[in-house]
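Numbering (UniProt numbering), first residue to last: 1 to 314.
We put the CB at the ideal spot given by N, CA and C, even for glycine.
These numbers were taken from a predicted model, which means no experiment stands behind them.
Scroll down for the structure; my scribbles are underneath it.
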């Protein structure tokens, strides 16, 4: 079997595996989300989160469906061989362009969620958002350029020749967003820990702040790893890495998003089932109030409060 055909088959198998994992996490998240907020949600922040998760699910599902179509068509209808090789070599085929478009859409939604969480964690401080928002705009423009580049590619070009300025710029922008957000969140953790003398007491049975923000950083690290793998695969002309990263990227980016909400939702469920816990005092987001330091800290530190209207918008 030709390397191009076998590579696409491996990519399809990897995507099936990752999509299955994503589907389980997504359905779990929606179930927990419905228990917590209802469908449709009662609050506007929760509604926007639900719309974002749904849009990403549609994009990933369409990407998976398109990949399955390409695989069945190449191996089933065309019977593999030279006909399948010619099909996979045609980068202007609508199904290939569609896959590229859906991949960048899912990636952009993921980075938008990252910035949204950063915005909430920093209590809507706009100055924190100026730089990453500008980088996100660069990423969106680069994503559009990448889709146009794929649609206008010439006969005979292969996947690795798509490693152009648009792709590089898009992935570098995503890496910058992930690093910036992770560093800012980590700094926030240190400041809160310092404000509370190195300990974060639980309030009303809620999860610890460090555990919650640890979830955010872990997901950002996973997203960062996928983006770096994509970038290195194309820049180093690593064909095997390109197939692996392309097959996993779309679902992996989506997994980093739903994983956060699923783990937070499981925390809500645990709290709901604990004795003496009630839904009226469980936290749903984190609220940082600056300026009012605890009695044992200076004015430059941050006070922390978990209230009922918080993580629904994370």
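Asked	Found
If I follow the unbroken alpha helix (DSSP H) through residue 7, where does it start and stop?	3-37
So residue 126 is in the alpha helix (DSSP H); what residue range does that whole segment cover?	126-151
Could you spell out where the alpha helix (DSSP H) holding residue 66 opens and where it closes?	44-72
Rounded to whole angstroms, what's the CA-CA distance from residue 262 to residue 125? Just pull it up for me.	26 angstroms
Please tell me whether residue 92 and residue 151 are closer than 8 angstroms, where the distance is taken between their beta carbons.	yes
Starting from the C-beta of residue 40, find all residues in its chain whose C-beta is less than 8 angstroms away, skip the five residues before and the five after it, and write them out in chain order.	47 and 50
Decide if residue 88 is buried, meaning its Cβ has at least 16 other Cβ atoms within 10 Å, or exposed.	buried
Suppose contacts are defined by Cβ-Cβ distances below 8 angstroms. Is residue 110 in contact with residue 254 by that definition?	yes
Return the CA-CA distance between residue 37 and residue 54, expressed in angstroms with no decimal places.	15 angstroms
State the CB to CB distance for the pair residue 227 and residue 174, rounded to an integer number of angstroms; the pair is presumed to be in contact (CB under 8 angstroms).	5 angstroms
Do the stretch 120-137 and the stretch 65-75 meet, that is, are 3 or more Cβ pairs less than 8 angstroms apart?	no
With H, G and I counted as helix, E and B as strand and the rest as coil, what does DSSP make of residue 78?	coil
Whole angstroms are fine: how far does the CA of residue 184 sit from the CA of residue 327?	One cannot answer for residue 327 here, as it falls past the ends of the chain, which runs 1 to 314.
Considering Cα atoms alone, identify which of 52, 57 and 67 is closest to residue 16.	67
Could you tell me which of 104, 133 and 101 sits nearest to residue 116, measuring between CA atoms?	133
For residue 244, which residues from the same chain have a beta carbon less than 7 angstroms from its beta carbon, with the 5 sequence-adjacent residues on both sides left out?	14
Give the range of the alpha helix (DSSP H) segment to which residue 164 is assigned.	Unbroken run through residue 164: none, as it is neither H nor E.
Would you mind working out which of 164, 165 and 218 sits nearest residue 186, comparing C-alpha positions?	218
For residue 288 and residue 95, I'd like the C-alpha separation in whole angstroms.	With a pLDDT of 31 at residue 288, under the threshold of 50, the predicted position of this residue should be treated as unreliable, though the coordinate-derived value follows. If you take the alpha carbons of residue 288 and residue 95, they lie about 46 angstroms apart.
For residue 113, which residues of its own chain have a beta-carbon under 7 angstroms away from its beta-carbon, when the five flanking residues on both sides are left out?	52 and 257
CB-CB under 6 angstroms to residue 241, same chain, minus the five flanking residues each way: which ones, in chain order?	233
Span of the alpha helix (DSSP H) holding residue 94?	94-121
Suppose the cutoff is 7 angstroms on Cβ atoms and the five residues either side in sequence are ignored; what does the same chain contact list for residue 84 look like?	5, 74, 75 and 78
Between the C-alpha atoms of residue 9 and residue 121, what's the straight-line distance to the nearest angstrom?	42 angstroms
So which of 103, 98, 248 and 181 has the shortest CA-CA distance to residue 135?	181
If we define contact as Cβ-Cβ less than 8 angstroms, is residue 68 a contact residue for chain D?	Looking at the structure shown, chain D is missing, and only one protein chain is on hand.
By the 10 Å Cβ neighbour count, where 16 or more other Cβ atoms means buried, how is residue 137 classified, buried or exposed?	exposed
Using the three-state DSSP reduction, which class does residue 218 fall into: helix, strand or coil?	helix
If you count every other CB in all the chains shown that lies within 10 Å of the CB of residue 154, and 16 or more means buried, which is it?	exposed
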